[in-house]
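Below is one structure; the comments refer to it alone.
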Amino acid sequence: MVGLGRTGLSCARHLRARGWRLAVTDTRAQPPELARLKELDPQIPVRLGGLDTRLLDEAVCVVASPGVSLAEAFFVEARRRGLQIVGDIELFARAVDAPVAGITGTNGKSTVTTLLGRMAERAGIKVRVGGNLGEPALDLLAPAQATQLYVLELSSFQLEATTSLRLKAASVLNVTPDHLDRYPSVAAYAQAKARIFARCDTAVINLDDPLVVAMPRPGQRTLSFSLRASIGADYSIAESGLRDTEWWLTRAGEPLLPVSALKIKGLHNAANALAALALGEALGVALPAMLAELRAFAGLPHRSQWVAELNGVTYVNDSKGTNVGATLAAVSGMQGTLVMIAGGDGKNQDFAPLAAAFRGKVRHTVLIGRDAAAIARALEGVCTVESCASLEEAVRAAARAARPGDTVLLSPACASLDMFRDYTHRGAVFTQAVKELAA
Numbered sequence: 000m001v002g003l004g005r006t007g008l009s010c011a012r013h014l015r016a017r018g019w020r021l022a023v024t025d026t027r028a029q030p031p032e033l034a035r036l037k038e039l040d041p042q043i044p045v046r047l048g049g050l051d052t053r054l055l056d057e058a059v060c061v062v063a064s065p066g067v068s069l070a071e072a073f074f075v076e077a078r079r080r081g082l083q084i085v086g087d088i089e090l091f092a093r094a095v096d097a098p099v100a101g102i103t104g105t106n107g108k109s110t111v112t113t114l115l116g117r118m119a120e121r122a123g124i125k126v127r128v129g130g131n132l133g134e135p136a137l138d139l140l141a142p143a144q145a146t147q148l149y150v151l152e153l154s155s156f157q158l159e160a161t162t163s164l165r166l167k168a169a170s171v172l173n174v175t176p177d178h179l180d181r182y183p184s185v186a187a188y189a190q191a192k193a194r195i196f197a198r199c200d201t202a203v204i205n206l207d208d209p210l211v212v213a214m215p216r217p218g219q220r221t222l223s224f225s226l227r228a229s230i231g232a233d234y235s236i237a238e239s240g241l242r243d244t245e246w247w248l249t250r251a252g253e254p255l256l257p258v259s260a261l262k263i264k265g266l267h268n269a270a271n272a273l274a275a276l277a278l279g280e281a282l283g284v285a286l287p288a289m290l291a292e293l294r295a296f297a298g299l300p301h302r303s304q305w306v307a308e309l310n311g312v313t314y315v316n317d318s319k320g321t322n323v324g325a326t327l328a329a330v331s332g333m334q335g336t337l338v339m340i341a342g343g344d345g346k347n348q349d350f351a352p353l354a355a356a357f358r359g360k361v362r363h364t365v366l367i368g369r370d371a372a373a374i375a376r377a378l379e380g381v382c383t384v385e386s387c388a389s390l391e392e393a394v395r396a397a398a399r400a401a402r403p404g405d406t407v408l409l410s411p412a413c414a415s416l417d418m419f420r421d422y423t424h425r426g427a428v429f430t431q432a433v434k435e436l437a438a
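Just so we're aligned, residue 0 is where the sequence shown starts under numbering that gives the first Met the number 0, counting upward by one.
In structure tokens form, the structure reads like this:
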């Protein structure tokens with residue numbers, strides 16, 4: 000087993016329960032789940048501080064955690080020896096005995112996964128939700144659970160090490176540049192995402208994304224969604240004459256629910272709602288339950304989440320905006336003038352698309368983190384820019400720049416690990432800093 004984070008520990012529990020003999024290696028000297036592995040079985044051999052190829056001498060299979068690149072020399076050597084390399088989702092695929100839905104995409108996958116799971120639950124289906132979100136997939140296979148449906152968020156890294164996952168329904172929501180520190184090109188990243196359709200009964204595709212449109216196999220059953228009513232998607236948004244000229248979620252042109260009834264705001268969330276409806280249809284989830292959940296669903300933390308209103312200025316936490324595409328979606332979904340807080344580890348992204356989205360909408364941008372200078376170059380002539388050494392300092396700077404009626408939006412367009420444990424830690428620091436403004 001390579002990697003001893005949360006997913007790696009779930010693999011260890013699963014394999015040990017099935018009688019496999021294990022050895023574990025990790026590049027880190029103190030991987031986060033080391034103590035819990037020792038509680039599970041103190042006799043499991045562990046090699047830390049590097050990937051120890053000597054462990055391959057007795058191996059019949061290598062289990063890769065998604066956080067470790069399959070291009071590492073360890074895996075190159077494993078392939079040279081003819082060893083099978085699998086991930087946690089492949090182990091799940093070999094053990095699961097109920098229908099599975101899978102969701103991937105650069106942005107929106109956690110929202111759609113959670114929303115679809117709640118739709119199914121509201122319809123009376125015994126559903127378990129996890130994967131790249133919440134509980135690791137293997138931990139969902141508790142024998143006491145009479146599960147009727149699994150809904151999994153799947154990352155490109157997980158899909159790379161999966162070959163036999165059969166899905167009743169699957170979707171690639173979108174593909175925008177991300178993880179280019181691990182993939183040589185956007186095309187290679189998209190190819191990893193497309194693996195979700197390899198053994199899929201119904202592919203749910205976004206007609207607004209050319210990379211996604213090209214992914215399904217010839218003859219594969221598809222359902223489609225689009226934010227453009229004119230292109231004939233199965234699910235879209237369209238103006239309806241039922242109540243003036245309000246925008247509605249529609250199925251084959253028939254109005255289902257006014258967009259204004261959604262608690263999750265912004266066009267990107269309308270697209271997420273359409274994707275969830277299409278997936279639900281493919282799974283046989285009752286439409287009334289899906290529409291009721293759409294009215295009730297308030298979204299997830301750290302995703303365009305309202306934090307406070309102070310002195311006429313609204314503060315919004317979109318710390319999950321870990322790439323340029325996510326930040327573009329967050330900005331497009333906001334009303335009024337913005338003061339942005341952005342920056343972090345850009346993972347070799349191109350920040351140029353931010354310029355067009357910020358022009359005329361963003362008053363001022365406060366930058367933090369490793370790639371602050373690269374973002375500043377992309378925003379030259381677009382808005383005023385300053386850099387800060389910490390997120391707390393950035394919040395104070397944004398508050399000084401904001402005027403009544405403005406929104407201060409944390410949407411970093413970058414990963415968080417250069418300054419924080421993860422995006423949730425970053426969001427929590429932002430929220431606390433905003434609270435301190437009011438003190």
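For each residue, glycine too, the CB sits at the ideal point set by N, CA and C.
No experiment lies behind these values; they were computed from the predicted model shown.
Nearest neighbour of residue i, chosen from the options [CA to CA]
{"i": "TRP246", "options": "ILE263, ALA232, ALA228", "result": "ALA228"}
{"i": "ASP405", "options": "ALA412, GLU308, ALA355, PHE350", "result": "GLU308"}
{"i": "GLY298", "options": "LYS108, ASP40, PHE73", "result": "LYS108"}
{"i": "ARG369", "options": "PRO411, GLN147, ARG302", "result": "PRO411"}
{"i": "ASP13", "options": "LEU226, ASP138, ARG376", "result": "The amino acid occupying residue 13 in the given sequence is His; Asp does not appear at that position. Out of LEU226, ASP138, ARG376, ASP138 has the C-alpha closest to the C-alpha of HIS13."}
{"i": "LEU148", "options": "LEU50, LEU278, LEU273, ALA414", "result": "LEU278"}
{"i": "ARG302", "options": "ALA375, LYS262, LEU222, LEU50", "result": "LYS262"}
{"i": "ASP317", "options": "LEU273, PHE419, ALA341", "result": "ALA341"}
{"i": "MET339", "options": "VAL45, ASP96, LEU390", "result": "LEU390"}
{"i": "VAL284", "options": "MET118, ASP208, LYS37, ASP421", "result": "MET118"}
{"i": "PRO352", "options": "ALA377, LEU248, GLU38, ASP96", "result": "ALA377"}
{"i": "ALA401", "options": "THR364, ALA414, ARG80", "result": "THR364"}
{"i": "GLY218", "options": "THR201, ASN205, LEU293", "result": "THR201"}
{"i": "ALA432", "options": "ASP421, SER415, VAL394, TYR422", "result": "VAL394"}
{"i": "ASP421", "options": "ALA437, PRO254, SER9, ASP344", "result": "ASP344"}
{"i": "ARG80", "options": "VAL59, LEU36, VAL67, ALA186", "result": "VAL59"}
Rounded separation between residue i and residue j - CA only
{"i": "GLY116", "j": "VAL126", "result": "7 Å"}
{"i": "ARG399", "j": "VAL381", "result": "19 Å"}
{"i": "THR6", "j": "GLY311", "result": "43 Å"}
{"i": "THR244", "j": "GLU238", "result": "6 Å"}
{"i": "PHE94", "j": "GLY265", "result": "The amino acid occupying residue 94 in the given sequence is Ala; Phe does not appear at that position. Cα to Cα, the separation comes out at about 39 Å."}
{"i": "PHE26", "j": "LYS346", "result": "Note that residue 26 is Thr in the sequence shown, not Phe. So the two alpha carbons sit approximately 20 Å from each other."}
{"i": "LEU408", "j": "MET289", "result": "30 Å"}
{"i": "THR383", "j": "LEU337", "result": "12 Å"}
{"i": "ALA440", "j": "LEU33", "result": "Residue numbering for the chain in the displayed model covers 0 to 438; residue 440 lies beyond these limits and cannot be assessed."}
{"i": "LEU417", "j": "ARG46", "result": "A small fix is needed here, since residue 417 is Asp in this sequence, not Leu. Near 26 Å, if we compare the C-alpha coordinates of ARG46 and ASP417."}
{"i": "VAL306", "j": "SER225", "result": "30 Å"}
{"i": "ARG17", "j": "ALA197", "result": "27 Å"}
{"i": "GLY130", "j": "GLY4", "result": "14 Å"}
{"i": "GLU120", "j": "PHE296", "result": "13 Å"}
{"i": "ALA469", "j": "ILE43", "result": "There is no way to answer for residue 469, as the model of the chain reaches only from 0 to 438."}
{"i": "VAL171", "j": "ALA232", "result": "15 Å"}
{"i": "ASP349", "j": "ALA28", "result": "33 Å"}
{"i": "GLY252", "j": "ILE230", "result": "11 Å"}
{"i": "ALA168", "j": "PRO209", "result": "20 Å"}
{"i": "LEU256", "j": "ALA281", "result": "19 Å"}
{"i": "CYS387", "j": "MET214", "result": "42 Å"}
Range covered by the alpha helix (DSSP H) that runs through residue i
{"i": "ASP87", "result": "87-94"}
{"i": "PRO352", "result": "352-357"}
{"i": "ALA271", "result": "For the sequence presented, residue 271 should be read as Asn rather than Ala. Start and end: 266-282."}
{"i": "SER155", "result": "155-159"}
{"i": "LEU164", "result": "No alpha helix (DSSP H) holds LEU164; DSSP gives it neither H nor E."}
{"i": "GLY457", "result": "The question about residue 457 has no answer, for the chain in this structure spans 0 to 438."}
{"i": "ARG79", "result": "72-79"}
{"i": "THR146", "result": "Neither: THR146 is in no alpha helix (DSSP H) and is coded neither H nor E."}
Beta-carbon proximity list for residue i, same chain, < 7 Å, skipping 5 on both sides
{"i": "THR161", "result": "GLY86, ILE88, GLU89, ALA92, ARG194"}
{"i": "THR105", "result": "ASN173, VAL174, THR175, ASP177, ASN322, GLY324"}
{"i": "SER259", "result": "GLU245"}
{"i": "THR291", "result": "As written in the sequence, residue 291 is Ala, which differs from the Thr given in the question. ARG121, listed in sequence order."}
Cβ neighbours of residue i in the same chain (closer than 6 Å, five flanking residues each side left out)
{"i": "LEU166", "result": "VAL99, GLY101, CYS199"}
{"i": "LEU132", "result": "SER109, THR112, GLU152"}
Bounding residues of the beta strand (DSSP E) (the contiguous stretch that carries residue i)
{"i": "ILE43", "result": "Taken as a continuous stretch (DSSP letters only), ILE43 belongs to no beta strand (DSSP E), as it is neither H nor E."}
{"i": "PRO254", "result": "253-257"}
{"i": "ALA341", "result": "337-341"}
{"i": "LEU366", "result": "361-366"}
{"i": "ALA237", "result": "234-238"}
{"i": "VAL126", "result": "126-130"}
{"i": "ARG250", "result": "246-250"}
Expected contact under 8 Å - CB spacing of residue i and residue j to nearest Å
{"i": "THR24", "j": "LEU69", "result": "Contact doesn't hold; Cβ gap of about 15 Å is too wide."}
{"i": "GLN157", "j": "PRO65", "result": "5 Å"}
{"i": "ALA354", "j": "LEU366", "result": "Not quite, the Cβ-Cβ distance comes to about 14 Å (not below 8 Å), so this is no contact."}
Residues near residue i in its chain [Cβ-Cβ closer than 8 Å; skip 5 each side]
{"i": "ALA63", "result": "VAL1, GLY2, LEU69, PHE74, ILE84, VAL85, GLY86, ALA160"}
{"i": "GLN304", "result": "GLY298, VAL315, ASN316, ASP317, GLY426"}
{"i": "SER331", "result": "GLY265, LEU266, HIS267, ALA356"}
{"i": "VAL428", "result": "LEU390, GLU391, PHE419"}
{"i": "GLY335", "result": "GLY404, ASP405, THR406"}
{"i": "ASN271", "result": "GLY107, THR110, VAL111, LEU114, LEU172, ILE263"}
Residue i beta carbon near the ligand GDP (any heavy atom closer than 8 Å)
{"i": "THR201", "result": "With respect to the ligand GDP, the structure offers nothing, as it holds no ligand at all."}
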